[in-house]
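If you count by this note's numbering, then the sequence shown holds residues 135 to 306, one letter each, in order. Scroll down for the structure; my scribbles are underneath it.
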Amino acid sequence: MSFGCPVSPLQFAVICQLVSRLEAHQITYQITGGLAGNIHGSEWPLQDIDIDVAAVDMPRVAELFAPYVTEPLGSYVDEEFDLQLLQLSVGGVRIDISQAEEGYGMTSSGRQPITTDLRRRAKTNLWGLELYVQPLEDIIRYKSLIGRSADLKELQSLAREQAIDLRALALA
């Protein structure tokens, strides 16, 4: 994995703080979204930090980060997603922590399950920080589900560079 996008010192400090606290409390997590794409080599700008956490750990996460909560843990529905979400702001950096299980993508054919398996997460090193990231194949799968074609083009190119078989994802 390469790290293709510059992250501000503040964003990196927040990532370090989040990972440190999650791991200190033995919370199963994975980095997803734009930061995960960046870790896999994409160069899109980092808008926020997205993290998936197991449902069993969500109440503890809400408690651990209570001083930073901007939107409490609850149902979040928009044009792309239907999921359980906790929103934070740390030093002005937005963080979305979503429940890994029972998330749905909103598609033209309706609400479709997003399959997130935290057992598939991959440990990687980001500038000396060990953390868990969502596999590129899984990112491609959910970006395809929600129809983010601009993201998909770059991610599929990265997958080819990393010799990931897109046919196995039924996305070729």
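For each residue, glycine too, the CB sits at the ideal point set by N, CA and C.
Where GLY208 is concerned, the enclosing beta strand (DSSP E) starts and stops at 203–211. Distance from the CA of MET192 to the CA of GLU264, rounded to the nearest whole angstrom, comes to 22 Å. Around the Cβ of VAL190, a 10 Å sphere holds fewer than 16 other Cβ atoms; the residue is exposed. Between ASP184 and ASP230 the beta-carbon gap is near 5 Å, inside 8 Å, which marks them as a contact. The shortest C-alpha to C-alpha distance from TYR202 to any of VAL227, SER209 and TRP178 is the one to VAL227. By the Cβ rule, the segment 250–265 does not count as touching the segment 210–217, because fewer than three pairs are nearer than 8 Å. Within the same chain, and ignoring the five residues on either side of GLN181 in sequence, the residues whose Cβ sits closer than 7 Å to its Cβ are GLY168. For PHE199, there is no enclosing beta strand (DSSP E), as DSSP marks it with neither H nor E. Pairing LEU252 with TYR266, the inter-Cα distance amounts to about 9 Å. Scanning the segment 213–256 for uninterrupted beta strand (DSSP E) segments of 3 residues or longer gives 215–224, 227–233, 237–241 and 244–248, listed from N- to C-terminal end. For LEU270, DSSP records no beta bridge to any residue.
Contact between THR162 and ALA200 is absent: CB atoms are separated by about 20 Å, not below the 8 Å threshold. One thing to note: GLY225 has its Cβ within 7 Å of the Cβ of LEU144.
Beta-bridge analysis with DSSP links GLN181 to no other residue. Secondary structure at GLN164: strand, using DSSP grouped into helix, strand and coil.
Under the criterion of beta carbons closer than 8 Å, HIS159 and LEU198 qualify as touching, at roughly 6 Å.
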